[in-house]
Amino acid sequence: MTREGAAVLAGLMALWQVLASAGVLPGYLVSPAVIAREFGALARSGELFQHSAVSLYRSLAGLALGAGLGVGLGLLAGVSRRVGGFFEPLVSLTYPVPKVAFLPVLLVWFGISDTSKILLIALSCFYPSYIAAMYGVRAVDPLWIWAAQNMGARPRRVFLGVVVPAASVHIFGGLRVSLALAFILMLASELIGSSDRLGLGFLIITADAGGRFDMMFASILAIAILGFGADRLLLWVRRRLLAGYVVMEDSAHG
Amino acid sequence: MASALRRILGWLFRAVPVVLALAVWEGIARSGTVNPRLFPHLAAIAEQLVFLASSHQLGLHLGASMTRVVVGFGAAVLVGVPLGIVMSRVALFGRVVEPVFSFGYPVPRIALYPIAVFLFGIGHLSKVVLVALECLYPIAIHTYYGVRGVNRLYIWSAQNMGASRAQVVLKVMAPAAAPHVFSGFRIALPIAFIITVLTEMVSSTEGLGWLILYSSASLMQARVFAAVVIVAVIGFVMDRLLAVLRNRLIFWEKEAVLVAIR
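What follows is the structure, encoded as structure tokens:
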């Protein structure tokens, strides 16, 4: 973060605090100090971690399922024209569809359970991972493959030693989009309902209904920290794994 | 003649997986292992589609949803493009707003929806604000990278040939940045639709998201699927329209593959 940015951020927080203490702001915009106190109280009582753990489990399980399947099938579709050709019409037809529309369908089929949430997240995470992996494989420089083949590498070795590493820059781009999606849909599905009364989205909607704005902002803060932390973790893993690769600046992410 | 035949055959071949998927659906629905109320036949879904299309309901919900998508997306374009341009041209401003983008990007903005409802009410405005907020990120970021990435040689050569400031901006920088700006649009438009449907599901009294959730709560699964089909078709058509528009306007450069939130 730039120094100017940090200064502006701190200034805005201070302004918010002053305005809230002066009583100028409406009641639902509680001051940062009150939010911080509630955040601390939720953390001390362990509630915060309980809700966060459930939310994290849902988003990561969905991400693992959807992205795992997406990367696997995407690699296959990139290598084999036949597999790619079979899935291409299905994917291009369903890709622009907002997957969140399927949430009520899944709710009826699987109940307001973890299953319906995880399946929705998996469905959404599948597409970016699949497309990134497929195009990642197709974009591999054929010279590298020929070079490996020329040196006597078997197809398996070419795939694991050349194609997958070369495609991994793209794959990580897809994973990063999938990660952001996993958090959005986790929250969305929890806002609509949680049968076990757990999850940060559920905490937000309960606090909202009860007029506990301090608790609402504290849970929003928790989600922001989780989302930000998960994104940074993924970038760190990518840096470690792809050390030595030229990684383009991520501008292609929504 | 032969090429036309080949094209028709190509289309038929592409239709095979889709027909296969529909056949699998119908097979499951007819197998008797699932409750047809929960897993309706294709015919029942088609019947509901016709019902929705012929009733006044569809126009109402479609109108509400499309208003939110278009106004929210339009507001994001009007704010995001100038914001991205200023961020890339004025270094100090770029550094000042940078944390909004580097910290704000991975945070799900949908968490702010309950606050938006408090601030702007349960009607159009809260949804439009959230749609605009979500769309602002891809549009501003892509514009920023697009303008920043304009090859300086192009600008220098234009200046060298005596181009005025306005000419440099209009004839050199705008066309050079346009593909990136449009990438931002193509990422943002599906997001606008997702957020609209989503916020309508969380709290609303009209719109396609509300229609889906309401039909589902009434256990009219066939109507839910009919509404999902409508949402799917609109999402698809909007994406295609934007793609066609992009290829018309930016005919000199092929579009890069976009991996984005949809």
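Same order as they appear, the protein sequences are chains W and C. All the letters of the first sequence, read from the start, carry residue numbers 112 to 365 under the working numbering. All the letters of the second sequence, read from the start, carry residue numbers 941 to 1202 under the working numbering. Glycine residues also receive a C-beta, built at the ideal position from the N, C-alpha and C atoms.
Please report the straight-line C-alpha distance between residue i and residue j, rounded to a whole angstrom.
i, j, result
"Val958 of chain C", "Glu158 of chain W", "47 Å"
"Leu1018 of chain C", "Ser943 of chain C", "44 Å"
"Ala172 of chain W", "Leu231 of chain W", "11 Å"
"Tyr1045 of chain C", "Tyr1077 of chain C", "7 Å"
"Val165 of chain W", "Phe283 of chain W", "25 Å"
"Ser1143 of chain C", "Ile336 of chain W", "25 Å"
"Ile334 of chain W", "Ser300 of chain W", "14 Å"
"Ala245 of chain W", "Leu1185 of chain C", "In the sequence on display, residue 245 of chain W carries Met and not Ala. Those two C-alpha atoms are separated by around 26 Å."
"Gly285 of chain W", "Val135 of chain W", "45 Å"
"Gly1102 of chain C", "Met262 of chain W", "55 Å"
"Ala1114 of chain C", "Gln997 of chain C", "43 Å"
"Pro215 of chain W", "Ser163 of chain W", "24 Å"
"Asn1187 of chain C", "Trp347 of chain W", "37 Å"
"Met1027 of chain C", "Leu1093 of chain C", "21 Å"
"Arg351 of chain W", "Phe1041 of chain C", "24 Å"
"Ala291 of chain W", "Ile1050 of chain C", "12 Å"
"Ala354 of chain W", "Arg343 of chain W", "16 Å"
For residue i and residue j, which I take to be in contact (beta-carbon distance under 8 Å), what is that distance rounded to the nearest angstrom?
i, j, result
"Phe1125 of chain C", "Ile1079 of chain C", "7 Å"
"Phe1176 of chain C", "Pro266 of chain W", "No, Phe1176 of chain C and Pro266 of chain W are not in contact; Cβ-Cβ is about 37 Å, not under 8 Å."
"Trp255 of chain W", "Val273 of chain W", "5 Å"
"Met326 of chain W", "Gly312 of chain W", "Between Gly312 of chain W and Met326 of chain W the Cβ distance is about 13 Å, and since that is not below 8 Å, they are no contact."
"Ala1162 of chain C", "Ala963 of chain C", "No, Ala1162 of chain C and Ala963 of chain C are not in contact; Cβ-Cβ is about 18 Å, not under 8 Å."
"Phe198 of chain W", "Leu184 of chain W", "7 Å"
"Ile1081 of chain C", "Gly1024 of chain C", "7 Å"
"Ala993 of chain C", "His981 of chain C", "So it is not a contact: roughly 18 Å between Cβ atoms."
"Val1071 of chain C", "Thr973 of chain C", "Not confirmed; about 41 Å, so no contact."
"Ala293 of chain W", "Ser191 of chain W", "In fact, because the Cβ distance is near 28 Å, the residues do not count as touching under 8 Å."
"Leu1148 of chain C", "Val1173 of chain C", "Their Cβ separation, rounded to whole angstroms, is 11 Å, which puts Leu1148 of chain C and Val1173 of chain C out of contact at 8 Å."
On the DSSP letters alone, give me the boundaries of the alpha helix (DSSP H) that residue i sits inside.
i, result
"Gly185 of chain W", "Glu158 to Val190"
"Asn1091 of chain C", "Unbroken run through Asn1091 of chain C: none, as it is neither H nor E."
"Phe270 of chain W", "From DSSP, Phe270 of chain W is part of no alpha helix (DSSP H); its letter is neither H nor E."
"Thr1007 of chain C", "His996 to Arg1029"
"Thr317 of chain W", "Leu311 to Ala320"
"Ala1118 of chain C", "Ala1114 to Val1142"
"Val1168 of chain C", "Gln1161 to Leu1189"
"Met326 of chain W", "Phe324 to Leu352"
"Asn261 of chain W", "Pro253 to Asn261"
"Thr113 of chain W", "That residue, Thr113 of chain W, is in no alpha helix (DSSP H); it is neither H nor E in DSSP."
Within 10 angstroms of the Cβ of residue i, are there 16 or more other Cβ atoms? Answer buried if so, exposed if not.
i, result
"Lys1194 of chain C", "exposed"
"Phe1191 of chain C", "exposed"
"Pro976 of chain C", "exposed"
"Phe1013 of chain C", "buried"
"Ala258 of chain W", "exposed"
"Gly116 of chain W", "buried"
"Pro1119 of chain C", "buried"
"Gly365 of chain W", "The predicted model places Gly365 of chain W with a pLDDT of 34, which falls under 50 and marks its position as unreliable; any figure quoted below should be read in that light. Counting Cβ neighbours within 10 Å, Gly365 of chain W comes out buried, since at least 16 surround it."
"Trp1096 of chain C", "exposed"
"Glu1038 of chain C", "buried"
"Ser1066 of chain C", "buried"
"Ala320 of chain W", "exposed"
"Asp252 of chain W", "exposed"
"Gly138 of chain W", "exposed"
"Val1030 of chain C", "exposed"
"Ile999 of chain C", "The residue you asked about is not Ile; residue 999 of chain C is Gly in the sequence shown. That one is exposed."
"Arg1202 of chain C", "Its pLDDT being 47, under 50, Arg1202 of chain C is placed unreliably in this model, and the value from its coordinates should be taken loosely. Buried: at least 16 other Cβ atoms inside 10 Å."
"Thr1139 of chain C", "buried"
Could you check whether the Cβ of residue i sits closer than 8 Å to any heavy atom belonging to the ligand GTP?
i, result
"Gly972 of chain C", "Ligands in the displayed structure: none, and consequently the ligand GTP is not present."
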